[in-house]
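J.: Number 0 in numbering that gives the first Met the number 0 belongs to position 1 of the sequence shown; there are no gaps in the numbering. Sharing a structure below in structure tokens format, with a few things to ask.
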Amino acid sequence: MRRRKPELPADPADPQAVRLAALRLLNRRDHAMAELSARLTGAGFAPAAVTAAVAALAGERLVDDGRYAEHFVAYHAARGHGPVLIAHRLREAGVARGVIATAVAEREPAWRRRCGEVRRRRFGASPPANWKERARQARFLTQRGFNADQVRAAVGSDQDGE
């Protein structure tokens, strides 16, 4: 099945058409304001009309970066991603740093526990046997987006190894 080529809007400056396109996108999933603006502009709508429509939707709380960030953090934390990676991806989506910091900080007590769970799921319950294994596990957890303190707590760097 081939994907349909998206139709260009008849009137790129029509505020009603921009609003309908935005609502269609929001019907599928939540979007950050910058992400929604980029999608609409990429679809051929006039930037001024897009800015006005997104601002109106934000005023109606149909687009909310705070809510988007909370859902994004919850979803990706459940998938085993850490706060560093999640914050990076939210910045890529155009969410403000203050909103990101708030969303990530709400889960702060759980990040260490989550890092340990991810380590145990991937490598088993027994602690790393030597420094090489410890380094391998730490590298994996760092790539998943956990910070150094969380990785140290999960891997147990204070243990004696070879």
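Virtual Cβ for every residue (Gly too), placed ideally from N, Cα, C.
Alpha helix (DSSP H) containing F139: first to last residue?
T.: The residue labelled residue 139 in the question sits at position 140 within the sequence shown. Annotation for F139: the continuous alpha helix (DSSP H) segment containing it runs 130-142.
J.: Mind reading off the beta-carbon distance from A167 to A12? Whole number of angstroms is fine, and I expect it under 8 Å.
T.: Not covered by the structure: residue 167. The range shown for the chain is 0 to 161.
J.: Ignoring anything shorter than 4 residues, give me the alpha helix (DSSP H) runs that lie fully in the segment 91-131, in order along the chain.
T.: 96-104, 107-122
J.: With a CB to CB cut of under 6 Å and the five nearest residues on each side skipped, what residues in its chain are close to H75?
T.: As a first step, residue 75 must be located in the sequence shown, where it is residue number 76. I85, listed in sequence order.
J.: From L24, M32, A21, pick the residue whose C-alpha is nearest to that of G93; which is it?
T.: In the sequence shown, the residue the question calls residue 93 occupies position 94. Closest by alpha carbon: M32.
J.: Quick test of your reading: V98 and V72, contact by CB under 8 Å. State the CB separation rounded to the nearest angstrom.
T.: Looking up residue 98 in the sequence shown gives position 99. Looking up residue 72 in the sequence shown gives position 73. Incorrect: roughly 11 Å between the Cβ atoms, too far for contact.
J.: In this structure, does DSSP put D64 in helix, strand or coil?
T.: Within the sequence shown, numbered from 1, the residue matching residue 64 stands at position 65. D64 falls in the helix class under three-state DSSP.
J.: Counting along the chain, where does the alpha helix (DSSP H) carrying E59 start and finish?
T.: In the sequence shown, the residue the question calls residue 59 occupies position 60. It is not in any alpha helix (DSSP H) - E59 carries neither H nor E in the DSSP assignment.
J.: Are D29 and H80 closer than 7 Å when you measure CB to CB?
T.: If you number the sequence shown from 1, residue 29 lands on position 30. If you number the sequence shown from 1, residue 80 lands on position 81. Taking 7 Å as the Cβ cut-off, D29 and H80 do not qualify as a contacting pair.
J.: Helix, strand or coil for D10, going by three-state DSSP, please let me know.
T.: In the sequence shown, counting from the first residue as 1, residue 10 sits at position 11. Three-state result, D10: coil.
J.: Which word fits R113, buried or exposed, when buried means at least 16 other C-beta atoms lie within 10 angstroms of its C-beta?
T.: Numbered from its first residue, the sequence shown carries residue 113 at position 114. Classification of R113: buried, given that the 10 Å Cβ count is 16 or more.
J.: Spatial neighbours of A45 within its chain, please: CB distance less than 6 Å, with the 5 preceding and 5 following residues excluded, ordered by chain position.
T.: Translated into the one-based positions of the sequence shown, residue 45 becomes position 46. Taken in chain order, the residues that qualify are P11, A12.
J.: Output yes or no for whether 7 Å exceeds the beta carbon distance between V154 and Q136.
T.: As a working mapping, residue 154 is identified with position 155 in the sequence shown. As a working mapping, residue 136 is identified with position 137 in the sequence shown. Taking 7 Å as the Cβ cut-off, V154 and Q136 qualify as a contacting pair.
J.: Using beta-carbon positions only, say whether A152 and R111 come within less than 7 Å of one another.
T.: Indexing the sequence shown from 1 puts residue 152 at position 153. Indexing the sequence shown from 1 puts residue 111 at position 112. Against a cut-off of 7 Å, the Cβ pair of R111 and A152 comes out as a contact.
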